[in-house]
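Take a look at the structure set out below.
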Amino acid sequence: MCGITGYTGKMEALPFIMQGLEKLEYRGYDSAGVTLVDDKKMFICKESGRLSALSTKLSGQHHPQTCGVGHTRWATHGIPSQLNSHPHSNQAKTICLVHNGIIENYLSLKQELLKKDYHFRSQTDTEIIVHLLDDQYYHEGLNMFDALKKVLPRLSGSFALCIVTKDEPDTIYVAKKESPMILGRNSSGCFCASDAPALLPYTKKIMPLKDNEIAILRKDSIEVFGFDGSEKTQEWIDAPYDIKAAQRDGYDSFMLKEIYEQPRAIKETLRGRLTEDDVVVDELDELDLDWKDLKRVYFVACGTAYHACLSAAMQMQHLTSLNVYCFPASEFRYGEPYLDKKCLCIFVSQSGETADTIAAVKLAVQAKARTIGIVNVLGSSMSRMTDICLYTCAGPEISVASTKAYTTQLVLLNCLVLAICKRIDGSKADRKMIAELKNLPDLIRDVLKYDEQIKKLAKLLSDKNDVYFIGRQHDYPVALEGSLKLKEISYIHADAYYAGELKHGPIALIEKDTVVIAVATEAKIAAKTISNIQETLARGSKVILLTSDQIETEGFEHVIRLKTISQALMPVEIIIILQLFAYHTAVMKGCDIDKPRNLAKSVTVE
Ligand code: F6R
Numbered sequence: 000m001c002g003i004t005g006y007t008g009k010m011e012a013l014p015f016i017m018q019g020l021e022k023l024e025y026r027g028y029d030s031a032g033v034t035l036v037d038d039k040k041m042f043i044c045k046e047s048g049r050l051s052a053l054s055t056k057l058s059g060q061h062h063p064q065t066c067g068v069g070h071t072r073w074a075t076h077g078i079p080s081q082l083n084s085h086p087h088s089n090q091a092k093t094i095c096l097v098h099n100g101i102i103e104n105y106l107s108l109k110q111e112l113l114k115k116d117y118h119f120r121s122q123t124d125t126e127i128i129v130h131l132l133d134d135q136y137y138h139e140g141l142n143m144f145d146a147l148k149k150v151l152p153r154l155s156g157s158f159a160l161c162i163v164t165k166d167e168p169d170t171i172y173v174a175k176k177e178s179p180m181i182l183g184r185n186s187s188g189c190f191c192a193s194d195a196p197a198l199l200p201y202t203k204k205i206m207p208l209k210d211n212e213i214a215i216l217r218k219d220s221i222e223v224f225g226f227d228g229s230e231k232t233q234e235w236i237d238a239p240y241d242i243k244a245a246q247r248d249g250y251d252s253f254m255l256k257e258i259y260e261q262p263r264a265i266k267e268t269l270r271g272r273l274t275e276d277d278v279v280v281d282e283l284d285e286l287d288l289d290w291k292d293l294k295r296v297y298f299v300a301c302g303t304a305y306h307a308c309l310s311a312a313m314q315m316q317h318l319t320s321l322n323v324y325c326f327p328a329s330e331f332r333y334g335e336p337y338l339d340k341k342c343l344c345i346f347v348s349q350s351g352e353t354a355d356t357i358a359a360v361k362l363a364v365q366a367k368a369r370t371i372g373i374v375n376v377l378g379s380s381m382s383r384m385t386d387i388c389l390y391t392c393a394g395p396e397i398s399v400a401s402t403k404a405y406t407t408q409l410v411l412l413n414c415l416v417l418a419i420c421k422r423i424d425g426s427k428a429d430r431k432m433i434a435e436l437k438n439l440p441d442l443i444r445d446v447l448k449y450d451e452q453i454k455k456l457a458k459l460l461s462d463k464n465d466v467y468f469i470g471r472q473h474d475y476p477v478a479l480e481g482s483l484k485l486k487e488i489s490y491i492h493a494d495a496y497y498a499g500e501l502k503h504g505p506i507a508l509i510e511k512d513t514v515v516i517a518v519a520t521e522a523k524i525a526a527k528t529i530s531n532i533q534e535t536l537a538r539g540s541k542v543i544l545l546t547s548d549q550i551e552t553e554g555f556e557h558v559i560r561l562k563t564i565s566q567a568l569m570p571v572e573i574i575i576i577l578q579l580f581a582y583h584t585a586v587m588k589g590c591d592i593d594k595p596r597n598l599a600k601s602v603t604v605e
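In numbering that gives the first Met the number 0, the protein residues as written are 0 to 605.
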């Protein structure tokens, strides 16, 4: 969702701002804008549509200003348009700001401002902030820092804000609550951005701003305060990856690059987690939990991460007698789940910034449940909220369609489930599974060799309006994930069903040439799924069967056989095939792989 970049220092600001916005394009947006400031005036330029439209508008102009902010907007309040795009300014064009997040009480604040004769140019929730600041600055006579301390606590919802003023043309005021903001610095000046890839060409020294903090960026200094004005200590870190990790590196899309990065991402995620015959999740010892007393386990996440949770919950249900539940975060938060200190809640998120998941964490924390986060982004909001946080080490995932985050979540959840079960009943991890985990990177390299074959098979899908995925048990959540990948980037309507449920309704949709992608990898129930496939074939479907090398099948035209491994790990192999199907189908349809319509990478609104 919205991307922000800002710079103040000795260099011209515009090149950093624009390259940074480009790096943040993956977050999803529908308009873009910049503000550059010096002591004479604010230069503001905005354009709806792609960033390239803004670049075209700016081309041929020279902007020597050394301070400014930029923004890509993903519309929430008000249509994508030039008027609604950021930056937003006060009437006098002396205060300008960009915002990522949602101000939930903007209507009541707007009423208050209307009574004070403020006029609104846009339909956004953001515009109220600039007028509230104007009111404090000009009518109450406060300086900008004090104005912020007054205004920020009044805003409900989430925000990452960057504010520039004509009176302090080399200063950027930055504030954060529940939307990401990273600061950076080098010998030329100080930077801020919604995500580290925007900063990496300029600096590796970064600091994620924390919730309820204000940072003041000047040419050669950064100060950080709480919303109450108290000074905060600064925790600078080296960015955990280099610039190469955030570039396409010769691939035609980030998605394809990230599909191919999975062997390495899994290897990194498992580093230090496996011994000869056990898993190592020592962080569990830091949880204040009597394992024998544990009553319930909840897995909670959104989208792809939720699909990873479904697999982990199934694995845990098979291994323990505990009550295990799995919820999309948006349902969990309003579903009044039973929570107390005998509950363990496991939250999974690539970005660590997803609004629904964060709200779900808060609910669990308030109820004193024990909480574990599985997160990919170091220092993200969620990583700081849970009792313990385990990191997937997938590196930056730029593609909107999640790939390597999912497989790394699957393997880390697998280790976590085994480690929890051991603490509950002393059961040792299965040696065979440990060996398989160790071998997964090599196995995935082998699965990636199907790429050419899948490219050919994808022709079966590319002219279709609907595709159906079916599977049973562990094959079902991965079928859900495969169907999500296909619809996200190829815009083909795709649904996933339990194979046994097909005849209870969905089979009415099967007609001549309908494509059914069937996943049947578990020996003891494959025959059942294959019967369901026959039922669709009898109605004229075209079937692509994903199965394992120990299952005998006959008479199928399109079959992909994967190496048999423990059922809980099979989704890691299967999804590589389904990711490639989605990718090749979308390429054939001419879709923009890395910028799927209407989608944002990090969903920071409810
Ligand atoms: C799908 C996808 C989304 C995310 C979901 C949660 O490809 O990327 O469904 O999985 O928005 O995001 P995180 O994991 O960042 O919480």
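Every residue, glycine too, gets a C-beta built ideally from N, C-alpha and C.
Handout entry: Residue closest to L255, alpha-carbon to alpha-carbon, out of N104, I345 and I488
Key = Counting from one through the sequence shown, the residue named residue 255 turns up at place 256. The shortest Cα separation from L255 among N104, I345 and I488 belongs to I488.
Practice task
Measuring from each Cβ to the nearest heavy atom of ligand 1, keep the ones under 5 Å and list them in chain order.
Solution key: Selection output, chain order preserved: C301, G302, T303, A304, S348, Q349, S350, T353, A400, S401 and V602.
Exercise for the section: With a 10 Å radius around its C-beta and 16 neighbouring C-beta atoms as the bar for buried, classify K16 as buried or exposed. Expected result: Here residue 16 is taken as the residue at index 17 of the sequence shown, counted from 1. Note that residue 16 is Ile in the sequence shown, not Lys. Flag for I16 reads buried.
Exercise for the section: Please check the pair I469 and A517, which I expect to be a contact at CB under 8 Å, by giving their CB distance rounded to whole angstroms. Expected result: Sequence index remark: in the sequence shown, residue 469 carries index 470 (1-based). Sequence index remark: in the sequence shown, residue 517 carries index 518 (1-based). Right, their Cβ atoms sit about 5 Å apart.
Exercise for the section: Give a yes or no on whether the C-beta atoms belonging to I171 and L108 are separated by under 7 Å. Expected result: Taking the first residue of the sequence shown as 1, we reach residue 171 at position 172. Taking the first residue of the sequence shown as 1, we reach residue 108 at position 109. At least 7 Å separates the beta-carbon of I171 from that of L108.
Problem - Pair within 7 Å by beta-carbon distance, I453 and L579 - result: Here residue 453 refers to the residue found at position 454 when the sequence shown is read from its first residue. Here residue 579 refers to the residue found at position 580 when the sequence shown is read from its first residue. Yes, these two residues count as a Cβ contact at 7 Å.
Practice task
Measure the Cβ-Cβ separation of T370 and T385 and say whether it is below 7 Å.
Solution key: Mapped onto the sequence shown, residue 370 falls at position 371. Mapped onto the sequence shown, residue 385 falls at position 386. Yes, the pair counts as a contact, with Cβ atoms nearer than the cut-off.
Handout entry: Backbone secondary structure at S54 - three-state DSSP
Key = In the sequence shown, counting from the first residue as 1, residue 54 sits at position 55. Under the three-state reduction of DSSP output, S54 falls in the helix class.
Practice task
Quick one: give me the first and last residue of the beta strand (DSSP E) that C414 is part of.
Solution key: For the purposes of this step, residue 414 is taken as the residue at position 415 of the sequence shown. Unbroken run through C414 is the alpha helix (DSSP H), K403 to D424; no beta strand (DSSP E).
Handout entry: Residue closest to E500, alpha-carbon to alpha-carbon, out of Q472, E510 and D450
Key = To locate residue 500, count along the sequence shown from 1; it is residue 501. Considering only alpha carbons, the answer is Q472.
Exercise for the section: Mark R26 as exposed unless 16 or more other C-beta atoms lie within 10 angstroms of its C-beta, in which case mark it buried. Expected result: Along the sequence shown, read from residue 1 onward, the residue named residue 26 stands at position 27. By the neighbour-count rule (16 or more Cβ atoms within 10 Å), R26 is buried.
Handout entry: Residue span of the beta strand (DSSP E) that contains K461, given as start and end
Key = Against the sequence shown, residue 461 aligns to sequence position 462. Checking the displayed sequence, the identity of residue 461 turns out to be Ser instead of Lys. No beta strand (DSSP E) contains S461, which is instead part of the alpha helix (DSSP H) from K458 to S461.
Problem - Counterpart residues of I221 in DSSP-defined beta bridges - result: Position 222 of the sequence shown holds residue 221. Looking at the DSSP output, I221 bridges to L216.
Problem - Nearest residue (CA-CA) to T125, options V514, D292, L160 and K176 - result: By 1-based counting over the sequence shown, the position of residue 125 is 126. Closest by C-alpha distance to T125, out of V514, D292, L160 and K176, is L160.
Practice task
Determine the DSSP secondary structure at I516, reduced to helix, strand or coil.
Solution key: Working through the sequence shown from its first residue, we reach residue 516 at position 517. Reduced to three states, the DSSP call for I516 is strand.
Practice task
Taking the CB atoms as reference points, tell me whether Q135 and N83 lie closer together than 7 Å.
Solution key: Taking the first residue of the sequence shown as 1, we reach residue 135 at position 136. Taking the first residue of the sequence shown as 1, we reach residue 83 at position 84. One thing to note: Q135 has its Cβ no nearer than 7 Å to the Cβ of N83.
Handout entry: Endpoints, beta strand (DSSP E) assigned at G5
Key = To locate residue 5, count along the sequence shown from 1; it is residue 6. Segment G2 to G8, the beta strand (DSSP E) holding G5.
Exercise for the section: Mind reading off the beta-carbon distance from I258 to T402? Whole number of angstroms is fine, and I expect it under 8 Å. Expected result: Taking the first residue of the sequence shown as 1, we reach residue 258 at position 259. Taking the first residue of the sequence shown as 1, we reach residue 402 at position 403. The C-beta separation of I258 from T402 comes to about 5 Å, placing the pair in contact by the 8 Å criterion.
Handout entry: Identity of the residue in I242, D445, Y490 and D194 nearest S379 by Cα
Key = Taking the sequence shown and counting its residues from 1, one reaches residue 379 at position 380. With distances taken between Cα atoms, S379 lies closest to D194.
Exercise for the section: Would you give the residue range spanned by the alpha helix (DSSP H) that Y259 belongs to? Expected result: Here the question's residue 259 lines up with position 260 in the sequence shown. Where Y259 is concerned, the enclosing alpha helix (DSSP H) stretches over F253 to Y259.
Problem - C392, enclosing beta strand (DSSP E) - first and last residue - result: Here residue 392 corresponds to residue number 393 of the sequence shown, with the count starting at 1. Per DSSP, C392 belongs to no beta strand (DSSP E) and is neither H nor E.
Practice task
Look at the Cβ atom of I443, then the Cβ atom of Q261, and state whether they are nearer than 7 Å.
Solution key: In the sequence shown, counting from the first residue as 1, residue 443 sits at position 444. In the sequence shown, counting from the first residue as 1, residue 261 sits at position 262. The criterion of a C-beta distance shorter than 7 Å is satisfied by I443 and Q261.
Exercise for the section: For V514, I'd like the list of residues in its chain whose CB is within less than 6 Å of its CB, leaving aside the five on either flank, ordered along the chain. Expected result: Position 515 of the sequence shown, counting from 1, holds the residue named residue 514. The answer, listed in chain order, is L459, L460, K463, V466 and K541.
Handout entry: Closest by C-alpha distance to G539, when choosing among A507, M569, T274 and K176
Key = Taking the sequence shown and counting its residues from 1, the one referred to as residue 539 is at position 540. Residue A507 holds the alpha-carbon nearest to the alpha-carbon of G539 among A507, M569, T274 and K176.
Handout entry: Assigned exposure category for Q408 - 16 Cβ within 10 Å defines buried
Key = The residue given as residue 408 occupies position 409 in the sequence shown. When all chains shown are included, Q408 counts as buried.
Practice task
Quick one: give me the first and last residue of the beta strand (DSSP E) that V97 is part of.
Solution key: Taking the sequence shown and counting its residues from 1, the one referred to as residue 97 is at position 98. Where V97 is concerned, the enclosing beta strand (DSSP E) stretches over I94 to I102.
Exercise for the section: Can you tell me which of A522, S252, L182 and L273 puts its alpha carbon nearest to the alpha carbon of S220? Expected result: Within the sequence shown, the letter at position 221 stands for residue 220. Closest by alpha carbon: L182.
Practice task
Whole angstroms is fine: what's the gap from C590's alpha carbon to V278's?
Solution key: Locating residue 590 in the sequence shown gives position 591, counting from the first residue. Locating residue 278 in the sequence shown gives position 279, counting from the first residue. Approximately 41 Å between the Cα atoms of the pair.
Handout entry: Under the three-state DSSP convention, the category E521 falls into
Key = By one-based count along the sequence shown, residue 521 stands at place 522. If DSSP states are grouped into helix, strand and coil, E521 belongs with coil.
Problem - Best match in V416, R383, L536 and L447 for proximity to E177 [C-alpha to C-alpha] - result: Counting from 1 along the sequence shown, the entry for residue 177 is found at position 178. Closest in alpha carbon position to E177, among V416, R383, L536 and L447, is R383.
Exercise for the section: Look at V376 and G394 and say whether their C-beta atoms are less than 7 Å apart. Expected result: Working through the sequence shown from its first residue, we reach residue 376 at position 377. Working through the sequence shown from its first residue, we reach residue 394 at position 395. The answer is no: Cβ separation not under 7 Å.
Exercise for the section: Inspect the beta-carbon positions of V296 and L318 and report whether they are closer than 7 Å. Expected result: Residue numbering aside, residue 296 sits at position 297 when the sequence shown is read from its first letter. Residue numbering aside, residue 318 sits at position 319 when the sequence shown is read from its first letter. Not in contact: V296 and L318 (Cβ atoms no closer than 7 Å).
Exercise for the section: Going by DSSP, name the residue or residues bridged to F158. Expected result: Here residue 158 corresponds to residue number 159 of the sequence shown, with the count starting at 1. Beta-bridge partners of F158 (DSSP): G100 and E177.
Handout entry: L611 vs L20 beta-carbon contact at 7 Å
Key = Residue numbering for the chain in the displayed model covers 0 to 605; residue 611 lies beyond these limits and cannot be assessed.
Practice task
Below 8 Å on the Cβ atoms is my guess for S348 versus A300; work out the distance and round it to an integer in Å.
Solution key: The residue labelled residue 348 in the question sits at position 349 within the sequence shown. The residue labelled residue 300 in the question sits at position 301 within the sequence shown. About 6 Å separates the two Cβ atoms, so the contact holds.
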